[in-house]
Amino acid sequence: MPRKFFVGGNFKMNPRSPEENERLINFFNGSVLDPHTEVVIAPPSLFLIPTLENIRKDVKIAAQNCYFQSDGAYTGEISATQLYNSGIEYVILGHSERRRLFHETSEFVAQKTRAALDCDLNVILCVGETLEEREAGRAQNVVESQLQAIVAITKDPEHWSHIVVAYEPVWAIGTGKIATSAQVQETHVGIRRYLATAVSHDVAESTRIIYGGSVNANNCKGLASQPDVDGFLVGGASLKPEFVDIVNVRVA
């Protein structure tokens, strides 16, 4: 089966008010979106439920994080169990901003990933290297080490059918810089090759590998033409009308 194209929008710490969130919802509800593309948006936790209740049914909702414990004295955290029981289908884990700002290790990301998978959540798993690591020729090694932590907690094909791998080079997130189509394709091929060896050929072929890093309406078409680019995780542009253009990039 062909891999279904996937476009996610990570709102990060936006919008700033319920009124702004409502305007975003109304924009999505009034837009024409490619029915052959899976669309997932990730508002801040404060707006997860109102967005879920008011967004069109063909747009799915993701949380931007979850904890690995299902309950307990963990002030400020949100559990995978709470997300699933509230009707949230996806969660973003391993984003470089959390790895950097909150010192999340790959092993910690793996714990959260296993908790999410055990609750039947779908995971958008972010991996990617810094500029220094790329310039040192270590990009593929870094990405594989981040993936290896997930492989260590599960090789179950059923689990992997619920994981979307988001390759996000740290140096391209929010900087306006973007990896070339050739660089992205090369890394995605490397990820697929690693999954084939570490998990299975079938998992490697079926896992969607998407790209994130300053994606916008101007550069998405060239990236989408690459055979191993199965979609995008969009940051700032997901809050703008051009997000619809990115969703519809494969519409003739």
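Whatever position you read off the sequence shown (first residue = 1), add 26 for our numbering.
Glycine included, each C-beta is placed from N, C-alpha and C at the ideal position.
query	result
From G35 to L259, what does the alpha carbon distance come to, in whole angstroms?	6 Å
How would you label Y116, buried or exposed, when you count the other beta carbons within 10 angstroms and need 16 or more for buried?	buried
Contact criterion: CB-CB distance below 8 Å. Does D256 meet it with respect to chain C?	No chain C appears in this structure, which consists of one protein chain only.
Determine the extent of the alpha helix (DSSP H) in which T213 is found, giving its start and end residues.	207-224
Please report the distance separating the alpha-carbon of D84 from that of A162.	42 Å
Which of the three DSSP states, helix, strand or coil, is assigned to E103?	coil
Any chance you could list the alpha helix (DSSP H) runs of at least 4 consecutive residues sitting entirely within the stretch 165-213, in chain order?	165-179, 183-186
May I have the straight-line CA-CA distance separating Q90 from A68, to the nearest angstrom?	6 Å
Assuming T77 and I51 form a contact by the criterion Cβ under 8 Å, report the distance between their Cβ atoms to the nearest whole angstrom.	6 Å
Does the stretch 125-139 come close enough to the stretch 166-175 that 3 or more CB-CB pairs lie under 8 Å?	yes
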